[in-house]
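Notes to accompany the following structure.
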Amino acid sequence: MAVIREQDLGKGRAAFEQWQDAAHNIFSEQLPADDDAAFDFRLNFSPRLPRQLWAMAVRYSLYLLEKKAPGEGVEVRVAPWGAIKILDGPASDPHNLTPPDVIELDPDVWMRLAAGDIATYVYKDSGYGWGEEKDAGRITAVGERDDLSGLLPLA
Numbered sequence: 001m002a003v004i005r006e007q008d009l010g011k012g013r014a015a016f017e018q019w020q021d022a023a024h025n026i027f028s029e030q031l032p033a034d035d036d037a038a039f040d041f042r043l044n045f046s047p048r049l050p051r052q053l054w055a056m057a058v059r060y061s062l063y064l065l066e067k068k069a070p071g072e073g074v075e076v077r078v079a080p081w082g083a084i085k086i087l088d089g090p091a092s093d094p095h096n097l098t099p100p101d102v103i104e105l106d107p108d109v110w111m112r113l114a115a116g117d118i119a120t121y122v123y124k125d126s127g128y129g130w131g132e133e134k135d136a137g138r139i140t141a142v143g144e145r146d147d148l149s150g151l152l153p154l155a
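Under the working numbering, think of the first position of the sequence shown as 1, with each following residue one higher.
Now the structure itself:
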């Protein structure tokens, strides 16, 4: 099943852009001047937007990742709004339908990593932040292909 319906792609793109705009506003208005506080702020910010907009933004970004790295070898889950399979590799076990590599992220972590120039704001000191988020326990990854940093950001 597709992560987003074809007729919703425009809504998804608009939601993704609204999320980015809200994130830009947060950074331009609320980023603390103190380096330690700013680092903590960057790794914990989350725009306050309607749930439906969040869902569409997440689904659209997962759609972009699916188009960028098609395959059946890694499952990427952003609960509660979507899961996709990407990258070539061993497909799902026919008994449980889960591929050998599974990555799970919360929506706010996923969007920080996926959102292009927002990722440079958030992770400006050290690339795009996959390692920071994983070290902080915000990414659960099982399998040999447990790092999507080469595919992110998306926009």
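C-beta: ideal position from N, C-alpha, C; glycine also. The structure displayed is predicted, hence computed values, not measured ones.
>> Among Q20, R112, F45 and L151, whose alpha-carbon lies nearest the alpha-carbon of P32?
In response: Residue F45 is the option with its Cα nearest to P32.
>> Quick check on the DSSP output: the alpha helix (DSSP H) that includes G150 runs from which residue to which?
In response: Counting along the chain, G150 falls outside any alpha helix (DSSP H), and DSSP gives it neither H nor E.
> Which value, in whole angstroms, describes the spacing of the CA atoms of K68 and R42?
Replying inline: Their backbone Cα atoms lie some 26 Å apart in a straight line.
>> Strictly by DSSP, which residues pair up with A23?
In response: DSSP lists no partner for A23.
>> Restricting to Cα atoms, I'd like to know which of I84, A136 and L105 is closest to P70.
In response: Nearest C-alpha to P70: I84.
> Where are the alpha helix (DSSP H) runs, 4 residues long or more, that stay fully inside the region 23-71, in chain order?
Replying inline: Here the runs fully enclosed are 35-44 and 51-68.
> For P99, is the classification buried or exposed, using 16 other Cβ atoms within 10 angstroms of its Cβ as the cut-off for buried?
Replying inline: Around the Cβ of P99, a 10 Å sphere holds 16 or more other Cβ atoms; the residue is buried.
>> Is there a Cβ of chain D sitting closer than 8 Å to that of D108, yes or no?
In response: In the structure shown, chain D cannot be found, because there is only a single protein chain.
>> Considering only DSSP beta bridges, list what D101 is partnered with.
In response: Paired residues: V74.
> If you compare alpha carbons, which of A55, L65 and G73 is closest to A14?
Replying inline: Closest option to A14, judged by alpha-carbon separation, among A55, L65 and G73: A55.
> How many whole angstroms separate the CB atoms of I103 and A79, which I take to be in contact at a CB cut-off of 8 Å?
Replying inline: About 12 Å separates the two Cβ atoms, so there is no contact after all.
> So V142 is in the beta strand (DSSP E); what residue range does that whole segment cover?
Replying inline: In the DSSP annotation of this structure, the continuous segment of the beta strand (DSSP E) that includes V142 starts and ends at I139 to V142.
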